[in-house]
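Taking the numbering used here, I'd label the letters of the sequence shown as residues 205 to 299.
I have placed the structure first, in the form of structure tokens, so that the comments after it can refer back to it.
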Amino acid sequence: MAGTRPYPQELRERAVRMVAEVRPNYESEWAAITAVASRLGIGTAETLRSWVRRAEVDAGRRVGVTSEESAELKRLRRENAELRRANEILKAASV
Numbered sequence: 205m206a207g208t209r210p211y212p213q214e215l216r217e218r219a220v221r222m223v224a225e226v227r228p229n230y231e232s233e234w235a236a237i238t239a240v241a242s243r244l245g246i247g248t249a250e251t252l253r254s255w256v257r258r259a260e261v262d263a264g265r266r267v268g269v270t271s272e273e274s275a276e277l278k279r280l281r282r283e284n285a286e287l288r289r290a291n292e293i294l295k296a297a298s299v
């Protein structure tokens with residue numbers, strides 16, 4: 205099921221905000237994540253944890269490749285593959 209997005213972006217953003225807001229009320233971040241995931245009906249707390257981590261990377265609070273950078277890399281890799289295929293076709297045609 206990788207790559208599917210069963211939860212709307214608005215819910216994801218709201219859940220991440222809620223974790224930040226309620227974090228001081230819990231002993232650990234995981235406890236806050238678990239509580240928010242349960243309250244919002246998110247399948248697993250691990251799903252919400254990944255959203256929180258992604259938001260931290262995107263905000264520059266955690267090291268990693270941002271969503272924007274990841275999308276750009278994906279686009280460039282796709283473009284590179286297309287250019288390689290076109291180059292192979294041209295090479296084959298010139299022989």
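Each residue gets a CB set at the ideal place from its N, CA and C atoms; glycine is no exception.
DSSP-derived helix/strand/coil call for residue i
i	result
E231	coil
V267	coil
I246	coil
V240	helix
V299	coil
Nearest-angstrom beta carbon gap, residue j and residue i [assumed within contact, 8 Å]
i	j	result
E216	W255	The sequence shown places Arg at residue 216, not Glu. Contact holds; Cβ gap of about 5 Å.
R253	I237	5 Å
D262	T251	In fact, because the Cβ distance is near 17 Å, the residues do not count as touching under 8 Å.
A241	Y230	Contact doesn't hold; Cβ gap of about 13 Å is too wide.
Close beta carbons around residue i, own chain, < 6 Å, minus the five adjacent residues each side
i	result
R266	E260
Closest Cα partner of residue i within the set the options
i	options	result
A249	V220, E276, L287, Q213	V220
Close-in-space but distant-in-sequence residues of the same chain around residue i (CB under 7 Å, 5 per side omitted)
i	result
M222	V240
Cut-off 8 Å between Cβ atoms - residues of its own chain near residue i, not counting five sequence neighbours on either side
i	result
E233	V223, R227, V256
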